[in-house]
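Protein chains in written order, with our numbering: chain A, 59 to 492; chain B, 375 to 562; chain C, 8 to 547.
Note sheet for the following structure.
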Amino acid sequence: MANAYALGEAASRTTGQVDALFLFITVVSLFFFLLVEGLLIYFAIKYRRRKGAEAAETPDIRGSLFLETVWILIPTIVVASFFYYGYIVFRDIRTPSPGATDIHVVGRQWLFEFRYPDGSLSINELRVPAGGPVKLILSSDDVIHSFYIPAYRLKQDMVPGQYTTLYLHPDKEGTYPILCAEYCGVAHSTMRADLIVMEPGAFAAWREKKEAPAGLSLAEQGKALVEKSGCLGCHAVEGKEKVGPNLGQGIGRKVLLADGTTVTADEEYLRESIYDPKAKVVKGYPAVMPTFKGSLSPDDVGAIIAYLKSLSGDKAEDKKKEGEKAVEKEEMGGKEAPAARKGKELAETLGCTGCHSPDGSARVGPSFQGLFGRQVELEDGGKATADEAYLRESINHSKAKVVKGFPNVMPEFKGKISEEDLSAIIAYLKTLKQ
Amino acid sequence: MDPATAREAATLGIWAFLATEVLLFGGLFTAYIIYRIKFPQLFYEDHLKLDRVLGAVNTVVLIGSSLTVALGIAAIRKGRVGLLKLYLSLTILLAGVFLGIKYMEYTGKFHHGLFPDTDIFFSLYFMLTGLHGIHVLAGMAALGTVLFLAGKGRYSESYHTPVEITGLYWHFVDLVWIYLFPLLYLVG
Amino acid sequence: MRETTRNGEQPQNGDAPRGYLEAKGFWAWAYTLDHKRIGVMYMYTTLFFFLAGGVFALLIRIKLMFPGQHIFSNQTYNVLFTMHGALMIFLFVIPAIPSGLGNFFIPLQIGARDVAFPRLNLLSYWVFVAGIVVILASLVRPMDTGWTFYTPYSARTAADVTTLSFGIFLIGMSSILTGLNFLVTIHKLRAPGMTWHRMPLFIWSMYATSIIQVLATPVVGITFLLLAMERVLGVGFFDPAKGGDPILFQHFFWFYSHPVVYVMILPAMGIISEVIPVFSRKPIFGYKAIAYSSVAIAGFGFFVWGHHMFVTGMSGTAAIIFSLLTYSVAIPTAIKVFNWIATMYRGSITFESPMLYALTFIFLFVVGGLTGMYLGALGADIHVHDTYFIVAHFHYTMVGGTVMGLLAGLHYWFPKMTGRMLSEAMARPAWLLMFIGFNVTFFTQFILGFEGMPRRYAEYPAQYQALNIVSTVGSWVLAAGILLMFANFVRGLFRGAPAPPNPWKALSLEWQTGSPPPTENFEEIPTVTDWPYGYAGKQT
Numbered sequence: 059m060a061n062a063y064a065l066g067e068a069a070s071r072t073t074g075q076v077d078a079l080f081l082f083i084t085v086v087s088l089f090f091f092l093l094v095e096g097l098l099i100y101f102a103i104k105y106r107r108r109k110g111a112e113a114a115e116t117p118d119i120r121g122s123l124f125l126e127t128v129w130i131l132i133p134t135i136v137v138a139s140f141f142y143y144g145y146i147v148f149r150d151i152r153t154p155s156p157g158a159t160d161i162h163v164v165g166r167q168w169l170f171e172f173r174y175p176d177g178s179l180s181i182n183e184l185r186v187p188a189g190g191p192v193k194l195i196l197s198s199d200d201v202i203h204s205f206y207i208p209a210y211r212l213k214q215d216m217v218p219g220q221y222t223t224l225y226l227h228p229d230k231e232g233t234y235p236i237l238c239a240e241y242c243g244v245a246h247s248t249m250r251a252d253l254i255v256m257e258p259g260a261f262a263a264w265r266e267k268k269e270a271p272a273g274l275s276l277a278e279q280g281k282a283l284v285e286k287s288g289c290l291g292c293h294a295v296e297g298k299e300k301v302g303p304n305l306g307q308g309i310g311r312k313v314l315l316a317d318g319t320t321v322t323a324d325e326e327y328l329r330e331s332i333y334d335p336k337a338k339v340v341k342g343y344p345a346v347m348p349t350f351k352g353s354l355s356p357d358d359v360g361a362i363i364a365y366l367k368s369l370s371g372d373k374a375e376d377k378k379k380e381g382e383k384a385v386e387k388e389e390m391g392g393k394e395a396p397a398a399r400k401g402k403e404l405a406e407t408l409g410c411t412g413c414h415s416p417d418g419s420a421r422v423g424p425s426f427q428g429l430f431g432r433q434v435e436l437e438d439g440g441k442a443t444a445d446e447a448y449l450r451e452s453i454n455h456s457k458a459k460v461v462k463g464f465p466n467v468m469p470e471f472k473g474k475i476s477e478e479d480l481s482a483i484i485a486y487l488k489t490l491k492q
Numbered sequence: 375m376d377p378a379t380a381r382e383a384a385t386l387g388i389w390a391f392l393a394t395e396v397l398l399f400g401g402l403f404t405a406y407i408i409y410r411i412k413f414p415q416l417f418y419e420d421h422l423k424l425d426r427v428l429g430a431v432n433t434v435v436l437i438g439s440s441l442t443v444a445l446g447i448a449a450i451r452k453g454r455v456g457l458l459k460l461y462l463s464l465t466i467l468l469a470g471v472f473l474g475i476k477y478m479e480y481t482g483k484f485h486h487g488l489f490p491d492t493d494i495f496f497s498l499y500f501m502l503t504g505l506h507g508i509h510v511l512a513g514m515a516a517l518g519t520v521l522f523l524a525g526k527g528r529y530s531e532s533y534h535t536p537v538e539i540t541g542l543y544w545h546f547v548d549l550v551w552i553y554l555f556p557l558l559y560l561v562g
Numbered sequence: 008m009r010e011t012t013r014n015g016e017q018p019q020n021g022d023a024p025r026g027y028l029e030a031k032g033f034w035a036w037a038y039t040l041d042h043k044r045i046g047v048m049y050m051y052t053t054l055f056f057f058l059a060g061g062v063f064a065l066l067i068r069i070k071l072m073f074p075g076q077h078i079f080s081n082q083t084y085n086v087l088f089t090m091h092g093a094l095m096i097f098l099f100v101i102p103a104i105p106s107g108l109g110n111f112f113i114p115l116q117i118g119a120r121d122v123a124f125p126r127l128n129l130l131s132y133w134v135f136v137a138g139i140v141v142i143l144a145s146l147v148r149p150m151d152t153g154w155t156f157y158t159p160y161s162a163r164t165a166a167d168v169t170t171l172s173f174g175i176f177l178i179g180m181s182s183i184l185t186g187l188n189f190l191v192t193i194h195k196l197r198a199p200g201m202t203w204h205r206m207p208l209f210i211w212s213m214y215a216t217s218i219i220q221v222l223a224t225p226v227v228g229i230t231f232l233l234l235a236m237e238r239v240l241g242v243g244f245f246d247p248a249k250g251g252d253p254i255l256f257q258h259f260f261w262f263y264s265h266p267v268v269y270v271m272i273l274p275a276m277g278i279i280s281e282v283i284p285v286f287s288r289k290p291i292f293g294y295k296a297i298a299y300s301s302v303a304i305a306g307f308g309f310f311v312w313g314h315h316m317f318v319t320g321m322s323g324t325a326a327i328i329f330s331l332l333t334y335s336v337a338i339p340t341a342i343k344v345f346n347w348i349a350t351m352y353r354g355s356i357t358f359e360s361p362m363l364y365a366l367t368f369i370f371l372f373v374v375g376g377l378t379g380m381y382l383g384a385l386g387a388d389i390h391v392h393d394t395y396f397i398v399a400h401f402h403y404t405m406v407g408g409t410v411m412g413l414l415a416g417l418h419y420w421f422p423k424m425t426g427r428m429l430s431e432a433m434a435r436p437a438w439l440l441m442f443i444g445f446n447v448t449f450f451t452q453f454i455l456g457f458e459g460m461p462r463r464y465a466e467y468p469a470q471y472q473a474l475n476i477v478s479t480v481g482s483w484v485l486a487a488g489i490l491l492m493f494a495n496f497v498r499g500l501f502r503g504a505p506a507p508p509n510p511w512k513a514l515s516l517e518w519q520t521g522s523p524p525p526t527e528n529f530e531e532i533p534t535v536t537d538w539p540y541g542y543a544g545k546q547t
């Protein structure tokens, strides 16, 4: 349906739905606005006391049960319609899409990290082909953030210690800003990402130009973790059961718990059971599962969940998508740019400039201007020269040598960017020497 | 304000104040319910580390103090100021015993490495009993003030409103403990 | 220059006003048991923070004209919007009408000599001041959390949240003492013959407000206590690393903070219910509907807090329930608006400044209320939650609503409180500047929010700049109007024409005694035989 307020055509079906809801509420509210404010102004003018006129006589009208009834009933019907229409749109937004690609999104101060089924990772860029529904599994590593795509009219909070989900229908190609919408600290207003929706052919072509990502798909990583963490000691994948339920039953089915209640074994349930296994024990099994708090990181748990999902028989489409390649952070179109220019673009898209300004102004971390080669005083009192080795170390293991006077909040990029990108960034930083 | 209205106003006032206290503790009790449902095992294991004997003694002590304050009010309703002072003193004494036992419990917990930040159960234990303890202390101050004024001959058969409303507050403090004790110490 | 009253009578007292203002000196104020003086002290204190919070707002808007690191840093910006919100809400919008005008006029309107517990009243003021001192002490490491203090950020930030939490706890205690006092006063101290249905509607609204203050404020007390303990003792209720739930903080916080918006609006509505009949010379239409709707709003208001949290991951069922209940509060609110307008029907209306502000209240609050219709709708709220749409909505209801109501009350009751008249010649241009400035500042923000500009953004994507500039210019016009109005107040205090006892020819009891009233309020406590809205008939 054509939408009234969207800037341009609807980027997604949710845009149209939400805009239609807004339009409905606006039209109805505008009617009552004109009626009520109109009467207010009309009465004020019509019944004003005129200067010098004979003293008016006002009637002793104290109320009207009829009118009270009318103006209780009509607003009730009106708000009931708002409630119902709002509920319908909400229900549609929340309805799971079968065959949706799972993408894990982690917010941390102050960037968005996306992890794809094939195990690859991107920062501040979510790249998907048009037409394929996506299920975002959102969480946070530190404080509450919120994932907001204005063009889609969608938003969901990212809460530490919990998963929330958001379904996307990327219908139309384009680049759509993603904004953090829950205040999260000093760089909240620069915590942004891009949703890049590509026409499937272009997406496939673009992927082919990429290097194959080193490493396993997310599900393969999860399988390796399950094998080495001892899960198979109590959980068989299929066949004869061991101590606990078989793992091959997939995700999303209902389970009966020991206390008589029924829950859905969804991502949140699995995550909870790994960290707090005594919370929701399945009926008929002993409550002996150990906790993996401290031994499995949230990223590990995400990979394990991807693996468990892949074990379900009717997930053929997901397996197909699992074969899709990376959304590594790379130059678009494969242009060969001088390393420093590439490094500059990386510094923006990886979120570095959220905390480090290129122009000398103060942000969260030291400005990049003049950083390369400078003597810096460290938090622990020692000194260091910000040479190539130091910068490399700070990007990979940011907590190693924190500059004095700056907060120890920089994320670590080891394993998340390639050697080539790292060199490009350092080349860029060199150009900012004063 | 005539005396009858003043008395009614004070009574309405103290009941409204107790409503605010219910809401204040209510927040903590809500947290208790939520986390108990979330961590049943933790609550079971941790509650065994509380000293049920001391808790039970404290319960008797507080109920006893409610009895003494009620007897004090009964006394002043018959104009018996001396008896009022005796019962008020006993009440304050019993309150002191309560706090003394709580002090023993707290130091015992610290000695065993159990602190408010140990886990959610102990966070709740210390916050609930701590907030309650502050109210006991405030109650002792109020009772002490009433005792002092009783000594100055302020109260009689016809006027003893502050005694009544302080007594009401004290019963409330006792009531909160009667909920706290089973929820923290007894329920498995 | 001497102004005559509407009916042409010359003011009685040619000298400076006397009455309760007679006794002078510091201790006559600091240790007063007179509810009128306590009300005046609250009024000065809250209006001071209105101006302070307003300065922060102007700074915020200046930064937002030029996104980027110009002017001052993003961190400073984050502190500014936090302090703007916290000061305005806790030190101005919540206490101004209840503790200011309420303290002054509740005993007068019910025909009593004072509130039920005058010493508790004085205590509430000094606890309020203590809270302010503690809040100001926290400025050594100023807040950067937003006035909503969401965890985990507020539990971890370097700002001195612990001190501020204790400050807010004290402010809350002050609120509770005031609410208790008013509840008992209204129940027990009404003049002979003043049945519940002969009470002025301002009293009904203050009664409903007091119920909310008594029941909701303790919850914010325990919330901030828990936040402080999280920081100081490492208690983990809201910390996921300790098994806690950050969303639990939001539930606790909004369980108070939603009802508190009704603490903000109900007294203002009460003032409107007083002013409209007086200046329309007609009985209030639907007295019982207005009276009971206040209590209904207070009641329903406790069950809708979840509508601030629709995107936190709450279950669909919970979201549906909160949405439905949220709409139910709209009905009693709408009833009042219809009844006020019906009061004007066939009235004989004049537009002195109290009436101007009262009509503006209705006009702007309707906008605020209608924009709430979007927010109650689940599908729509997802898009505009945490955007400037919300900012615009609450400014229309809190400024267009509560502040306009407060200003209506101040202009209405200024002669009674001070014994002097304000200047209508200054009041009108001030009002016009405020009306225009307010709408330019905040209507643009609805558009910005719908277009996706999140709130609490120190800088923003370039496409939002044009409307931000417009909004900032609006804020300057609004500020000009406010300053002109304060100039009118100051002029009125020192050079206003002496006021007669009843310049507006109103029927409620506060107007049947001197301007200003004597310390004991009335020479003789009146006996009430009718309701205070018998304005019908031939107007002389």
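Ideal placement from N, C-alpha and C gives every residue a C-beta, glycine not left out.
In the DSSP assignment, the beta strand (DSSP E) including F172(A) goes from what residue to what residue? The residue labelled residue 172(A) in the question sits at position 114 within the first sequence. Where F172(A) is concerned, the enclosing beta strand (DSSP E) starts and stops at 169 to 173.
Helix, strand or coil for E380(A) per DSSP? On the first sequence, position 322 is the one that residue 380(A) refers to. Unreliable positioning characterises E380(A) in this predicted model, as indicated by a pLDDT of 40, which lies under 50. A coordinate reading is not provided.
Return the residues of the region 403 to 428 of chain B that lie within a Cβ-Cβ distance of less than 8 angstroms from chain A, sorted by chain order. Against chain A - using a Cβ distance shorter than 8 angstroms - the residues of the region 403 to 428 of chain B are K412, F413, P414, Q415.
Taking 8 angstroms as the threshold (beta carbon to beta carbon), is A515(B) in contact with chain C? Taking the first residue of the second sequence as position 1, residue 515(B) is located at position 141. Judged by the 8 angstroms Cβ criterion, A515(B) is not in contact with chain C.
Going by DSSP, which residues form a beta bridge with G302(A)? Here residue 302(A) refers to the residue found at position 244 of the first sequence. According to DSSP, which records beta bridges pairwise, G302(A) is partnered with nothing at all.
Which residues, in order along the region 470 to 485 of chain C, keep a beta-carbon less than 7 angstroms from a beta-carbon of chain A? None of the residues of the region 470 to 485 of chain C has a beta carbon lying less than 7 angstroms from any beta carbon of chain A.
Looking only at C-alpha atoms, which of L474(C), S430(C), E466(C), G408(C) sits nearest to V447(C)? The count along the third sequence starts at 1 and reaches residue 447(C) at position 440. Out of L474(C), S430(C), E466(C), G408(C), the CA that lies nearest to the CA of V447(C) is found in L474(C).
Per-residue DSSP class, three states only, for L212(A): Here residue 212(A) is taken as the residue at index 154 of the first sequence, counted from 1. Looking at L212(A) - three-state DSSP - the assignment turns out to be strand.
Does any residue of chain C have a CB that is nearer than 8 angstroms to the CB of G121(A)? Indexing the first sequence from 1 puts residue 121(A) at position 63. G121(A) counts as touching chain C.
Start-end ranges of the alpha helix (DSSP H) lying completely within the region 158 to 217 of chain C, minimum 4 residues: With a minimum length of 4 residues, the continuous alpha helix (DSSP H) runs that stay inside the region 158 to 217 of chain C are 160 to 163, 168 to 195.
Distance between T89(C) and R399(A) (C-alpha atoms, nearest Å): Position 341 of the first sequence holds residue 399(A). Position 82 of the third sequence holds residue 89(C). Cα to Cα, R399(A) sits roughly 39 angstroms from T89(C).
Where M256(A) sits in the DSSP three-state scheme: The residue labelled residue 256(A) in the question sits at position 198 within the first sequence. Correct three-state label for M256(A): strand.
Under 8 angstroms Cβ to Cβ from W261(C), same chain only, skipping five residues before and after it: list those, please. To locate residue 261(C), count along the third sequence from 1; it is residue 254. Taking W261(C) as the centre and dropping the five residues before and after it, the same chain places the C-beta of W312, G313, H315, M316 closer than 8 angstroms to its C-beta, in chain order.
Please confirm whether A337(A) has its beta-carbon closer than 8 angstroms to some beta-carbon of chain B. Within the first sequence, numbered from 1, the residue matching residue 337(A) stands at position 279. So, interface residue.
Taking C-alpha atoms, which residue in L143(C), V122(C), A165(C) lies nearest to I210(C)? Here the question's residue 210(C) lines up with position 203 in the third sequence. In terms of CA proximity to I210(C), V122(C) leads the group L143(C), V122(C), A165(C).
Alpha-carbon spacing of A374(A) relative to L81(A), whole angstroms: Position 316 of the first sequence, counted from the first residue, corresponds to residue 374(A). Position 23 of the first sequence, counted from the first residue, corresponds to residue 81(A). With a pLDDT of only 40 at A374(A), under 50, the local geometry of the prediction cannot be trusted, and no value is derived from it.
CA-CA distance, V575(A) and Q167(A)? Lying before the first or after the last residue shown, residue 575(A) is absent from chain A, which here runs from 59 to 492.
Entirely within the region 84 to 133 of chain C and at least 4 residues each: give me those alpha helix (DSSP H) ranges in chain order. Scanning the region 84 to 133 of chain C from its first residue to its last, the whole alpha helix (DSSP H) runs of 4-plus residues come out as 110 to 117.
Among Y486(A), P133(A), S198(A), which residue has its Cα nearest to the Cα of G428(A)? Position 370 of the first sequence, counting from 1, holds the residue named residue 428(A). The residue among Y486(A), P133(A), S198(A) with its C-alpha nearest the C-alpha of G428(A) is Y486(A).
With a Cβ-Cβ cutoff of 8 angstroms, do T185(C) and S131(C) count as a contact? Residue mapping note: residue 185(C) aligns to position 178 of the third sequence, counting from 1. Residue mapping note: residue 131(C) aligns to position 124 of the third sequence, counting from 1. Taking 8 angstroms as the Cβ cut-off, T185(C) and S131(C) qualify as a contacting pair.
Any beta carbon from chain C within less than 8 angstroms of I475(B)'s own beta carbon? Counting from one through the second sequence, the residue named residue 475(B) turns up at place 101. By this cut-off, I475(B) is not an interface position.
Give, in chain order, every residue of the region 522 to 537 of chain C whose Cβ lies closer than 9 angstroms to some Cβ of chain B. Residues: none.
Best match in F256(C), F457(C), G243(C), G521(C) for proximity to G228(C) [C-alpha to C-alpha]: In the third sequence, residue 228(C) corresponds to position 221, counting from 1. Nearest option by C-alpha distance: F256(C).
Straight-line CA distance for I132(A) to I342(C)? Residue 132(A) sits at position 74 when you count from the first residue of the first sequence. Residue 342(C) sits at position 335 when you count from the first residue of the third sequence. The straight-line gap from Cα to Cα measures roughly 11 angstroms.
Residues, ordered as in the chain, of the region 72 to 102 of chain C that lie near chain A by beta-carbon distance below 7 angstroms: The residues in question are Q76, S80, N81, Q82, N85.
Can you tell me whether K387(A) is buried or exposed, with buried defined as 16 or more other CB within 10 angstroms of its CB? One-based indexing of the first sequence puts residue 387(A) at position 329. Only weak support exists for where K387(A) lies, its pLDDT of 34 falling under 50; the value from the coordinates is given anyway. Answer is buried; the Cβ neighbour count reaches 16.
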